[in-house]
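Read the structure below first, then the notes.
Residue numbers (mature numbering (1 follows the signal peptide of the UniProt record, and there is no 0)): -19 to -1, 1 to 328.
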């Protein structure tokens, strides 16, 4: 008999450990009821399934339901996931007397009470998963829509006298990778843009810009693009490595060059400069606009002047990386300076 009890304890321990691996990242959902509070009923010490506290009720009046709910609940990062809600009740508890009331907030800030699998934010039809020593474990899966930002309330209610309630858990059935949300291009200028997004479940990110890709760590939520072409059209995509089929993408255009009458020409740009890389030998380009002639162009790399011939062919100094500065002087002696930072030279 002792051997049977040992194996039963070992089996339950493994099941709990498996569930805890997927517990949501919120201290409210550790085992036990210490971080929950009850409505009209005190916690009963020592009577729980694991010897800890539990809710233990006597005779209930009409509408006097025992319930437990969370303090300051906010579980985010759950859009597109499948959550499992489970708890233990005494064996005499009728399934049709058990429900869970939840609330959620959508990405746009509005409240959501009709998620798939619920009716007016109430989850019914719980299934019995286990039965042990006068207790039974009830569980239910719920698919969370993609547009849900976070759960904001959770309450277990039982419409029955003389019951016990213990060990409430909320955990992922599995943590599926999802596409990053709210992918945007912000702070767009002639030569730069800032890409931002909300992280979802997934491993490393892949960010693609006009076919060129970059790998980013999971905790990164933005990426600053520089050295873009004025008036250029760009398509950006982002996805996680473990779910490459789930892609968020946007199109954006950098600000067009604004002609300034006193210069008569727009800023020069280097079409060879791409992803902060430039070959050691290249030809610079000047936007062909009316106005005073450009008298000279000088290019410096780490404050060392590059060689430029009459055809605009440039030979940069022999550095691996650094900062590059372009100085354009027009016939009216006006100077325009453009800086390129953290540039790598490809040889």
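Every residue gets a Cβ at the ideal spot worked out from N, C-alpha and C, and that includes glycine.
- For residue 290, there is no enclosing beta strand (DSSP E), as DSSP marks it with neither H nor E.
- In this structure residue 216 is exposed. Its beta-carbon is surrounded by fewer than 16 other beta-carbon atoms within 10 angstroms.
- Residue 179 sits in a strand when the DSSP states are folded into three classes.
- The DSSP-derived three-state label of residue 202 is coil.
- Taken through DSSP and simplified to helix, strand or coil, residue 123 comes out as strand.
- Shortest Cα-Cα distance from residue 306 to any of 275, 281, 300 involves 281.
- In this structure, the beta-carbon distance from residue 129 to residue 85 falls below 8 angstroms.
- Cβ-Cβ separation between residue 79 and residue 119: approximately 6 angstroms, consistent with a contact (criterion under 8 angstroms).
- In the structure shown, residue 315 adopts coil according to DSSP, grouped into three states.
- A residue is called buried once 16 or more other Cβ atoms fall within 10 Å of its Cβ, and residue 66 is buried on that count.
- In this structure, 72 is the residue among 81, 121, 72, 137 with its C-alpha nearest to the C-alpha of residue 112.
- Collapsing the DSSP output to three states places residue 218 in a strand.
- Residue 163 sits in a strand when the DSSP states are folded into three classes.
- DSSP links residue 190 through a beta bridge to 193, 217.
- Per DSSP, the unbroken beta strand (DSSP E) holding residue 224 starts and ends at 224 to 234.
- Between residue 142 and residue 39, the C-beta gap is smaller than 8 angstroms, which places the two residues in contact.
- In the same chain as residue 136, and ignoring 5 residues on each side of it, the C-beta atoms closer than 6 angstroms to its own belong to 48, 50, 82, in chain order.
- In the structure shown, residue 279 falls within a strand segment according to DSSP collapsed to helix, strand and coil.
- Cβ-Cβ distances below 7 angstroms link residue 208 to 172, 254, 257, 321 in the same chain, with the five nearest sequence neighbours on each side left out; the list follows chain order.
- For the set 56, 150, 275, 42, the Cα lying nearest the Cα of residue 317 is the one of 275.
- 124 is the residue among 124, 164, 139 whose C-alpha sits nearest the C-alpha of residue 154.
- No residue range can be given for residue 107, since it is assigned to no beta strand (DSSP E) and is classified by DSSP as neither H nor E.
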